[in-house]
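Note that full-length UniProt numbering has the sequence shown beginning at 1, numbered continuously upward. Working notes, structure below.
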Amino acid sequence: MTPEAALTKLAYVLAKKSFTLQEKKDMMVKSIRGEMTTLTPSAEEQNCLVHAISSALNHTQKKEVDEIQNLVFNGLLMMAIKNNRLDQLKNIHQRGANLTEANYDKRTPLHLAVSLGNTEIVRYLLLNGASVHTRDIYDHSPLLVAIRHEHQTIVELLRSNGAHLEHRNLGDYICRAAANAQIKKLKLYDLAGADFNCQGKDLRTPLHEAVLRNRKDVVKFLLQRNVKAHTEDVLGITPLKIAEKLKFDEIAKMIRAHQAVINNGRSKHA
Numbered sequence: 001m002t003p004e005a006a007l008t009k010l011a012y013v014l015a016k017k018s019f020t021l022q023e024k025k026d027m028m029v030k031s032i033r034g035e036m037t038t039l040t041p042s043a044e045e046q047n048c049l050v051h052a053i054s055s056a057l058n059h060t061q062k063k064e065v066d067e068i069q070n071l072v073f074n075g076l077l078m079m080a081i082k083n084n085r086l087d088q089l090k091n092i093h094q095r096g097a098n099l100t101e102a103n104y105d106k107r108t109p110l111h112l113a114v115s116l117g118n119t120e121i122v123r124y125l126l127l128n129g130a131s132v133h134t135r136d137i138y139d140h141s142p143l144l145v146a147i148r149h150e151h152q153t154i155v156e157l158l159r160s161n162g163a164h165l166e167h168r169n170l171g172d173y174i175c176r177a178a179a180n181a182q183i184k185k186l187k188l189y190d191l192a193g194a195d196f197n198c199q200g201k202d203l204r205t206p207l208h209e210a211v212l213r214n215r216k217d218v219v220k221f222l223l224q225r226n227v228k229a230h231t232e233d234v235l236g237i238t239p240l241k242i243a244e245k246l247k248f249d250e251i252a253k254m255i256r257a258h259q260a261v262i263n264n265g266r267s268k269h270a
């Protein structure tokens, strides 16, 4: 606080006749309108904290101390991200925090920021070395996390930084979205470059699942992306056969029309 600001504040506080002496003292050490600068802990003070924790745990080897420091920094990073405080994140990073350090379930700061939809923090992490290809304990990449939490802007941001879809259960995830008529999520899978001819359990495609549950909007969405309508599941059943068997006439009509367009296109190029 500058001398001028201090004198002005002192005059203001002393003029408050309703305040007790203690209240006036308390007010002098508090920032009323941003006139006081809050000091952040110095690097030396932070080192003292790390060494104090290390001593309490009887960890004195350099490797052990470094591990504790990483844990402390990671916890602070995650808290800043959880509270969407980019300013705090930058401060912690400038003091030596590793922005790619994963926690116990292999989630990185980027995973957390993506899941919470903190776009500016995601952008900062990417600009400062965070990898879009990291996987957590469930083999989820930041891109898959963004899709599952339906954060379109972040999906676009990750894609522009080289992220791509890849997961051992990706077919199941997309089929589940189709079965539950989650159009927004399907659009994000599309934005991320997903193949809607993928297969999940029992070799069913997203179209199989949508037809089975009479999801007309989903069927329309998938057909517009030129999915294969004649793919057989493990029992040799196609989406059209399901529609006919369950008497979903409108869906059956949509699939036949789609196949007719494809067949017509093939005949023209024959």
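Ideal placement from N, C-alpha and C gives every residue a C-beta, glycine not left out. Quick caveat, the model's predicted, so the values are computed rather than measured.
| request: Tell me whether Leu116 sits in a helix, a strand or coil according to DSSP, three-state version. | output: As a working note, residue 116 is residue 116 in the sequence shown. The answer is helix: DSSP assigns Leu116 an H, G or I state.
| Opening and closing residue of the alpha helix (DSSP H) in which Arg176 lies | Sequence index remark: in the sequence shown, residue 176 carries index 176 (1-based). Counting along the chain, the alpha helix (DSSP H) containing Arg176 begins and ends at 170-179.
| field | Opening and closing residue of the alpha helix (DSSP H) in which Val234 lies | value | For the purposes of this step, residue 234 is taken as the residue at position 234 of the sequence shown. No alpha helix (DSSP H) holds Val234; DSSP gives it neither H nor E.
| said: Please tell me whether Ala192 and Ile174 are closer than 8 angstroms, where the distance is taken between their beta carbons. | reply: Along the sequence shown, read from residue 1 onward, the residue named residue 192 stands at position 192. Along the sequence shown, read from residue 1 onward, the residue named residue 174 stands at position 174. Going by beta carbons, Ala192 and Ile174 fall outside the 8 angstroms limit.
| task | Assign His111 to one of three DSSP states: helix, strand, or coil. | result | For the purposes of this step, residue 111 is taken as the residue at position 111 of the sequence shown. Here His111 sits in helix by DSSP.
| said: On the DSSP letters alone, give me the boundaries of the alpha helix (DSSP H) that Val218 sits inside. | reply: Reading the sequence shown from its first residue, position 218 is the one you call residue 218. Its alpha helix (DSSP H) spans residues 216-224.
| Within this structure, are the beta carbons of Val234 and Leu212 separated by less than 8 angstroms? | As a first step, residue 234 must be located in the sequence shown, where it is residue number 234. As a first step, residue 212 must be located in the sequence shown, where it is residue number 212. No, these two residues do not count as a Cβ contact at 8 angstroms.
| Three-state class that DSSP yields for Ala192 in the structure shown | Here residue 192 refers to the residue found at position 192 when the sequence shown is read from its first residue. Under the three-state reduction of DSSP, Ala192 is assigned to coil, being neither helix nor strand.
| Does the distance from the CB of Ile81 to the CB of Pro109 come in under 8 angstroms? | As a position in the sequence shown, residue 81 is number 81, starting the count at 1. As a position in the sequence shown, residue 109 is number 109, starting the count at 1. Their beta carbons are under 8 angstroms apart, which means Ile81 touches Pro109 by this criterion.
| field | Closest Cα partner of Glu250 within the set Lys216, His230, Val227, Leu223 | value | Numbered from its first residue, the sequence shown carries residue 250 at position 250. Among Lys216, His230, Val227, Leu223, the Cα nearest to that of Glu250 belongs to Lys216.
| said: Quick check: the Cα distance between Ile255 and Leu207, rounded to an integer number of angstroms? | reply: Taking the first residue of the sequence shown as 1, we reach residue 255 at position 255. Taking the first residue of the sequence shown as 1, we reach residue 207 at position 207. Distance between the alpha carbons of Ile255 and Leu207 is about 10 angstroms.
| query | Helix, strand or coil for Glu166 per DSSP? | reply | The count along the sequence shown starts at 1 and reaches residue 166 at position 166. Note: Glu166 maps to coil in three-state DSSP.
| query | Looking at the unbroken alpha helix (DSSP H) that takes in Thr100, where does it start and where does it end? | reply | Sequence index remark: in the sequence shown, residue 100 carries index 100 (1-based). Premise fails: Thr100 is in no alpha helix (DSSP H) and is neither H nor E.
| request: With DSSP collapsed to three states, give me the class of Ala252. | output: Reading the sequence shown from its first residue, position 252 is the one you call residue 252. Helix, per DSSP.
| query | Rounded to whole angstroms, how far is the Cβ of Asp105 from the Cβ of Ile137, which I believe are closer than 8 angstroms? | reply | Counted from its first residue, the sequence shown places residue 105 at position 105. Counted from its first residue, the sequence shown places residue 137 at position 137. Right, the Cβ-Cβ distance comes to about 4 angstroms (below 8 angstroms), so this counts as a contact.
| said: Considering only their Cβ atoms, is the gap separating Ala210 from Ala178 smaller than 8 angstroms? | reply: For this step, residue 178 is matched to residue 178 along the sequence shown. For this step, residue 210 is matched to residue 210 along the sequence shown. Yes.
| request: In the DSSP assignment, find the unbroken alpha helix (DSSP H) run with Asn91 in it and report its ends. | output: For the purposes of this step, residue 91 is taken as residue 91 along the sequence shown, with counting starting at 1. 86-94 is the extent of the alpha helix (DSSP H) around Asn91.
| Quick one, are the C-beta atoms of Val145 and Val114 less than 8 angstroms apart? | If you number the sequence shown from 1, residue 145 lands on position 145. If you number the sequence shown from 1, residue 114 lands on position 114. Contact: yes.
| said: So, at 8 angstroms on beta carbons, what are the nonlocal neighbours of Leu112 in its own chain, with the 5 sequence-adjacent residues on each side left out? | reply: Reading the sequence shown from its first residue, position 112 is the one you call residue 112. Same-chain partners within the cutoff: Met78, Ile81, Lys82.
| request: Using the Cα positions of Ile92 and Leu86, report the straight-line distance between them to the nearest angstrom. | output: Working through the sequence shown from its first residue, we reach residue 92 at position 92. Working through the sequence shown from its first residue, we reach residue 86 at position 86. Answer to the nearest angstrom: the Cα atoms are 10 angstroms apart.
| Bounding residues of the alpha helix (DSSP H) (the contiguous stretch that carries Arg135) | Indexing the sequence shown from 1 puts residue 135 at position 135. Careful: Arg135 lies outside any alpha helix (DSSP H) and carries neither H nor E.
| message | Does Asn263 pass the burial test, meaning 16 or more other C-beta atoms within 10 Å, or should it be called exposed? | response | Reading the sequence shown from its first residue, position 263 is the one you call residue 263. Label assigned to Asn263: exposed.
| Which of helix, strand or coil does DSSP assign to Ser75? | The count along the sequence shown starts at 1 and reaches residue 75 at position 75. According to the sequence shown, residue 75 is Gly rather than Ser. Residue state, collapsed to three classes: helix.
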